[in-house]
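Q: Take a look at the following structure, please.
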């Protein structure tokens, strides 16, 4: 049973445009959400996170939005760059849980075309 | 700092063979985890450790053993490899257990079991 869902396996956008990656979750006990970025043959690297007490967190070109009532979060990348091409994983932590026990989605492959 | 290192990068085993995947970190992190990533799947937690001498099971622990004799090292042992264990294995570490504390991932070990 997939508790963190990324329903789009892939997304292709033009350089300079906005990329929107979506993530849904089913477990209402999750209270912290993270996005990781993964290049081929490398480990995931942390990108941005958001606590359930917030609805938005911004870091440069990256913004994460959280809609708790819909159990939905999204990652916006503006403007998109070719170097952003990677697999993006959404991950969640349970309330009272710990960062070393992450629940991941399946990932979305983002391709940014020059 | 080398960060999180994993050896080997690639390994091919025959069914029934045993092997140890090595993981080391030089950041003095207390918390370490092992994940596996299968095609079309997110990362799933195998085992984790909250400090030297303390380990516990994650979501998919069957077929794997771990130990943590030092802060730096967290090896993952396959006692009798099975084709279902063909996967990419990632080791991760973090300084604290807080949700907002970043987990650092190693580059992964790609394991094939024939």
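Protein chains in written order, with this note's numbering: chain A, 27 to 140; chain B, 8 to 121.
Every residue, glycine too, gets a C-beta built ideally from N, C-alpha and C.
Does the Cβ of residue 51/A have 16 or more other Cβ atoms within 10 Å, making it buried, or fewer, making it exposed?
A: Working through the first chain from its first residue, we reach residue 51/A at position 25. The residue is buried, with at least 16 neighbouring Cβ atoms inside 10 Å.
Q: Per DSSP, residue 39/B forms a beta bridge with which residues?
A: Mapped onto the second chain, residue 39/B falls at position 32. According to DSSP, which records beta bridges pairwise, residue 39/B is partnered with 56/B and 100/B.
Q: In this structure, what does DSSP give as the bridge partners for residue 67/B?
A: Start at 1 with the first residue of the second chain, and residue 67/B comes out as number 60. None; residue 67/B has no bridge partner.
Q: Find the residues of chain B that neighbour residue 125/A, judging by a C-beta separation of less than 7 angstroms, and give them in chain order.
A: Within the first chain, residue 125/A is the residue found at index 99, counting from 1. Near residue 125/A (Cβ distances below 7 angstroms), the residues of chain B are 101, 104, 105, 106, 108 and 110.
Q: So, at 7 angstroms on beta carbons, what are the nonlocal neighbours of residue 87/B in its own chain, with the 5 sequence-adjacent residues on each side left out?
A: Residue mapping note: residue 87/B aligns to position 80 of the second chain, counting from 1. If we look at residue 87/B and ignore the five residues flanking it on each side, its Cβ neighbours are 23 and 25.
Q: Would you kindly report the start and end of the unbroken beta strand (DSSP E) that includes residue 80/A?
A: By 1-based counting over the first chain, the position of residue 80/A is 54. That residue, residue 80/A, is in no beta strand (DSSP E); it is neither H nor E in DSSP.
Q: How is the beta strand (DSSP E) around residue 84/B delimited, first residue to last?
A: As a first step, residue 84/B is located in the second chain; it is residue number 77 there, counting from the start. Where residue 84/B is concerned, the enclosing beta strand (DSSP E) stretches over 83–85.
Q: Tell me the DSSP bridge mates of residue 26/B?
A: The sequence position of residue 26/B within the second chain is 19, counting from 1. In the DSSP output, where bridge partners are listed per residue, residue 26/B has 85/B.
Q: Distance check for residue 39/A and residue 30/B, CA to CA, integer angstroms please.
A: One-based indexing of the second chain puts residue 30/B at position 23. One-based indexing of the first chain puts residue 39/A at position 13. Cα-Cα distance, rounded: 36 angstroms.
Q: Along the beta strand (DSSP E) that carries residue 80/B, what are the first and last residues, could you check?
A: Position 73 of the second chain, counted from the start, is the residue given in the question as residue 80/B. Run containing residue 80/B: none; DSSP gives neither H nor E here.
Q: Confirm, please, whether the CB-CB distance from residue 15/B to residue 116/B is below 8 angstroms.
A: The count along the second chain starts at 1 and reaches residue 116/B at position 109. The count along the second chain starts at 1 and reaches residue 15/B at position 8. Contact annotation: residue 116/B and residue 15/B have beta-carbon atoms nearer than 8 angstroms.
Q: Please state the DSSP three-state secondary structure of residue 110/A.
A: Counted from its first residue, the first chain places residue 110/A at position 84. Residue 110/A: helix per DSSP, three-state reduction.
Q: Could you say which of 71/A, 118/A, 112/A and 67/A lies nearest to residue 92/A if we only look at CA atoms?
A: In the first chain, the residue the question calls residue 92/A occupies position 66. Residue 118/A is the option with its Cα nearest to residue 92/A.
Q: With distances taken from CA atoms, which of 47/B, 46/B, 64/B and 49/B is nearest residue 125/B?
A: This structure gives no information on residue 125/B, because the portion of chain B shown stretches from 8 to 121.
Q: Does the structure place the stretch 123–133 of chain A close enough to the stretch 84–103 of chain A that three or more beta carbon pairs sit under 8 angstroms?
A: no
Q: Whole-angstrom Cβ separation of residue 30/A and residue 61/A, contact assumed at under 8 angstroms?
A: In the first chain, residue 30/A corresponds to position 4, counting from 1. In the first chain, residue 61/A corresponds to position 35, counting from 1. Contact between residue 30/A and residue 61/A does not hold, since the beta-carbon distance rounds to 11 angstroms and is not under 8 angstroms.
Q: Please tell me whether residue 138/A and residue 41/A are closer than 8 angstroms, where the distance is taken between their beta carbons.
A: Translated into the one-based positions of the first chain, residue 138/A becomes position 112. Translated into the one-based positions of the first chain, residue 41/A becomes position 15. For the 8 angstroms CB-CB criterion, residue 138/A and residue 41/A form a contact.
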